[in-house]
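S.K.:
Protein chains in written order, with my numbering: chain C, 1 to 394; chain G, 395 to 486.
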């Protein structure tokens with residue numbers, strides 16, 4: 001179990017250390033800068049923060065001395081010629097600008113570096129980054145340089161190779177509301193899974209398209225959305241258009257994947273070949289953002305439920321974590337130590353993590369809670385953090 | 395030569411520019427920004443995106459005139475002009 005926590009918050013990076021007298025927060029890092037994701041590379045201990053500058057563009061920040069000093073990198077960029085089909089938010093406000101015939105194209109620029117993942121043990125300098133507007137970037141030199149994964153960017157589900165010319169297929173990738181803050185409505189990659197058995201086996205999740213899998217290190221990609229159901233398009237079981245909020249994979253049993261989706265909780269026991277909806281709305285388990293799976297037992301997972309997409313808050317003013325130990329057949333509400341009155345927190349997709357028996361989550365209300373016993377009981381780590389975007393054990 | 399003045403918030407990332415009297419050859423806005431980038435490598439990554447367009451919350455003025463061409467940055471900065479680099483503060 002890890003004795004370090006790394007929080008990405010609206011006002012900077014917060015690192016907490018477990019000491020003899022409890023968890024202690026260090027002075028805030030990247031003060032005043034929104035940090036949408038912060039994590040630690042388990043291979044060499046490098047700390048990473050994704051800076052979501054409102055004014056100066058997205059940047060990665062890297063510390064190789066445990067957080068004492070940081071170096072900002074501007075090396076993650078779309079190559080010249082990278083284009084995407086412009087998406088329009090389906091609201092009356094945007095309809096005036098929406099195209100009626102041929103698609104509109106835009107040159108790609110990074111709006112947000114939403115997620116970072118690390119290569120396998122035999123790829124010591126390999127990093128992955130997921131972005132809005134929906135590009136997967138790969139670094140083989142520890143983040144010094146980045147390359148856009150073109151097979152995914154040029155995927156037929158997204159219109160084909162727009163480097164070569166206009167679209168040759170229909171675009172099925174929708175925008176994510178998380179992009180609206182940047183004045184656009186474009187897709188985003190927020191989840192990247194590297195199979196611990198085979199680092200060439202990858203899954204990514206795209207809001208709003210669905211899950212894609214590569215078995216050849218990113219050379220080819222295929223949709224993996226069988227069994228997924230949505231409630232906002234005419235065909236709920238369509239191949240594309242799904243809105244995974246986050247996906248995760250059991251390290252000890254990598255064929256077990258979990259997905260908190262806009263339209264419920266989904267579980268796969270066969271490596272995402274088939275998904276099964278395991279929501280239990282009557283138990284409060286349906287809508288939410290984050291999901292965590294046990295490191296050894298692929299049938300045990302945790303979610304932090306929220307009321308509904310249209311009502312993004314706790315159910316009945318009480319904050320709880322739901323746990324299943326049987327692959328989603330049943331869920332247990334875990335409330336001990338969590339506020340049960342006047343609590344309306346929402347927990348975002350990267351703000352729940354597990355390390356051994358320890359779990360931690362943080363809310364956009366600035367509250368952070370930790371459990372040492374797999375969620376049975378919870379301890380408050382603080383109520384006055386800035387809005388929390390990510391929580392990772394380091 | 396044109397003068398460049400900028401928001402002090404950029405000094406956090408480029409301390410070498412603090413309190414400097416920045417004077418660069420006249421040219422397009424893009425060329426003047428490239429000149430600042432020579433003094434402080436990486437500077438343009440903060441003001442422009444990878445397509446070379448001005449970032450959304452950045453505003454440039456030549457003397458009292460707001461730079462209109464935010465994509466190609468073709469406006470001319472002439473001898474004796476001052477190029478101002480502002481950020482549009484927002485958020486809470």
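Glycine included, every Cβ here is placed at the ideal spot set by N, Cα and C.
1. Count the other CB atoms, across all protein chains shown, that sit within 10 Å of the CB of residue 481 of chain G; report buried if there are 16 or more and exposed otherwise.
2. So, helix, strand or coil for residue 257 of chain C, using DSSP?
3. Given a limit of 8 Å on CB to CB distance, which residues of the stretch 406-435 of chain G reach chain C?
4. To the nearest angstrom, report how far apart residue 476 of chain G and residue 148 of chain C are at their CA atoms.
5. Residue 295 of chain C and residue 354 of chain C look like a contact to me (Cβ under 8 Å); what is the Cβ gap, rounded to whole Å?
6. Have a look at C:365, C:347, C:210, C:4 and flag the residue whose alpha-carbon is nearest the alpha-carbon of residue 18 of chain C.
7. Is there a C-beta anywhere in chain C that falls below 8 Å from the one on residue 455 of chain G?
8. Can you name the start and end residues of the alpha helix (DSSP H) that residue 439 of chain G belongs to?
9. Rounded C-beta distance between residue 192 of chain C and residue 111 of chain C? I'm assuming under 8 Å.
10. Pick out the complete beta strand (DSSP E) segments inside the stretch 276-321 of chain C, 3 residues or longer, and give them in chain order.
11. Tell me whether the beta-carbon of residue 336 of chain C lies closer than 8 Å to the beta-carbon of residue 300 of chain C.
12. Residue 377 of chain C CB to nearest chain G CB: under 8 Å?
13. Kindly indicate which three-state DSSP category residue 110 of chain C falls into: helix, strand or coil?
14. Would you say residue 452 of chain G reaches chain C, if we count a Cβ-Cβ gap shorter than 8 Å as a contact?
15. So residue 120 of chain C and residue 199 of chain C are supposed to be a Cβ contact under 8 Å. How far apart are they, rounded?
16. Give the C-beta separation of residue 302 of chain C and residue 359 of chain C to the nearest angstrom, bearing in mind that I take them to be a contact with Cβ-Cβ under 8 Å.
17. Would you kindly report the start and end of the unbroken beta strand (DSSP E) that includes residue 73 of chain C?
18. Is the beta carbon of residue 1 of chain C sitting closer than 8 Å to the one on residue 297 of chain C?
19. Which residues of chain G have a Cβ atom closer than 9 Å to the Cβ of residue 86 of chain C, listed in chain order?
20. What three-state label does DSSP hand residue 402 of chain G in the structure shown?
21. Among C:194, C:151, C:231, which residue has its Cα nearest to the Cα of residue 116 of chain C?
22. If we cut at 8 Å on Cβ distances, does residue 443 of chain G have a partner in chain C?
23. Which residues in the same chain have their Cβ closer than 7 Å to the Cβ of residue 220 of chain C, if we skip the five residues on either side of it in sequence?
24. Comparing alpha-carbon positions, which option in G:408, G:478, G:400, G:474 lies nearest residue 436 of chain G?
25. Rounded to the nearest angstrom, what separates residue 328 of chain C and residue 57 of chain C at their Cα positions?
26. Please confirm if residue 449 of chain G has its CB atom under 8 Å from at least one CB of chain C.
27. According to DSSP, which residues form a beta bridge with residue 265 of chain C?
M.R.: Reading it off the structure:
1. In the second chain, the residue the question calls residue 481 of chain G occupies position 87. The residue is buried, with at least 16 neighbouring Cβ atoms inside 10 Å.
2. Within the first chain, numbered from 1, the residue matching residue 257 of chain C stands at position 257. In this structure, residue 257 of chain C counts as strand in the three-state DSSP scheme.
3. Cβ proximity to chain C below 8 Å picks out 407 from the stretch 406-435 of chain G.
4. Looking up residue 476 of chain G in the second chain gives position 82. Looking up residue 148 of chain C in the first chain gives position 148. Straight-line Cα distance between these residues: approximately 38 Å.
5. Along the first chain, read from residue 1 onward, the residue named residue 295 of chain C stands at position 295. Along the first chain, read from residue 1 onward, the residue named residue 354 of chain C stands at position 354. Cβ atoms of residue 295 of chain C and residue 354 of chain C come within 8 Å of each other, at about 7 Å.
6. Here the question's residue 18 of chain C lines up with position 18 in the first chain. Closest in alpha carbon position to residue 18 of chain C, among C:365, C:347, C:210, C:4, is C:4.
7. In the second chain, counting from the first residue as 1, residue 455 of chain G sits at position 61. By this cut-off, residue 455 of chain G is not an interface position.
8. As a first step, residue 439 of chain G is located in the second chain; it is residue number 45 there, counting from the start. Per DSSP, the continuous alpha helix (DSSP H) segment holding residue 439 of chain G begins and ends at 437-441.
9. Taking the first residue of the first chain as 1, we reach residue 192 of chain C at position 192. Taking the first residue of the first chain as 1, we reach residue 111 of chain C at position 111. Contact doesn't hold; Cβ gap of about 17 Å is too wide.
10. Runs of the beta strand (DSSP E) inside the stretch 276-321 of chain C: 287-293, 301-306.
11. Position 336 of the first chain, counted from the start, is the residue given in the question as residue 336 of chain C. Position 300 of the first chain, counted from the start, is the residue given in the question as residue 300 of chain C. In this structure, residue 300 of chain C does not lie closer than 8 Å to residue 336 of chain C by Cβ.
12. Along the first chain, one-based indexing puts residue 377 of chain C at 377. No Cβ of chain G is located within less than 8 Å of the beta carbon of residue 377 of chain C.
13. The count along the first chain starts at 1 and reaches residue 110 of chain C at position 110. Residue 110 of chain C carries a coil assignment under DSSP once its states are collapsed to helix, strand and coil.
14. Here residue 452 of chain G is taken as the residue at index 58 of the second chain, counted from 1. Look at residue 452 of chain G: its C-beta is under 8 Å from a C-beta on chain C.
15. Numbered from 1 along the first chain, position 120 holds the residue referred to as residue 120 of chain C. Numbered from 1 along the first chain, position 199 holds the residue referred to as residue 199 of chain C. About 3 Å separates the two Cβ atoms, so the contact holds.
16. Position 302 of the first chain, counted from the start, is the residue given in the question as residue 302 of chain C. Position 359 of the first chain, counted from the start, is the residue given in the question as residue 359 of chain C. Their Cβ separation, rounded to whole angstroms, is 6 Å, which keeps residue 302 of chain C and residue 359 of chain C in contact under 8 Å.
17. The count along the first chain starts at 1 and reaches residue 73 of chain C at position 73. Residues 71-73.
18. One-based indexing of the first chain puts residue 1 of chain C at position 1. One-based indexing of the first chain puts residue 297 of chain C at position 297. No, these two residues do not count as a Cβ contact at 8 Å.
19. Translated into positions along the first chain, residue 86 of chain C becomes position 86. For a Cβ distance threshold of 9 Å, nothing in chain G lies close to residue 86 of chain C: the least Cβ distance comes to about 14 Å.
20. Sequence index remark: in the second chain, residue 402 of chain G carries index 8 (1-based). Under the three-state reduction of DSSP output, residue 402 of chain G falls in the helix class.
21. On the first chain, residue 116 of chain C is found 116 positions in, with the first residue counted as 1. Nearest to residue 116 of chain C by alpha-carbon distance, out of C:194, C:151, C:231, is C:194.
22. The residue you call residue 443 of chain G lines up with position 49 of the second chain. Closer than 8 Å: yes.
23. Here residue 220 of chain C corresponds to residue number 220 of the first chain, with the count starting at 1. Counting only Cβ-Cβ distances below 7 Å, and skipping sequence neighbours, we find 151, 214.
24. In the second chain, counting from the first residue as 1, residue 436 of chain G sits at position 42. Of G:408, G:478, G:400, G:474, the residue nearest in Cα terms is G:408.
25. As a working mapping, residue 328 of chain C is identified with position 328 in the first chain. As a working mapping, residue 57 of chain C is identified with position 57 in the first chain. Approximately 40 Å, taken between the alpha carbons.
26. Sequence index remark: in the second chain, residue 449 of chain G carries index 55 (1-based). Under the 8 Å criterion on CB atoms, residue 449 of chain G is classed as interfacial with respect to chain C.
27. For the purposes of this step, residue 265 of chain C is taken as residue 265 along the first chain, with counting starting at 1. Looking at the DSSP output, residue 265 of chain C shares a beta bridge with C:260.
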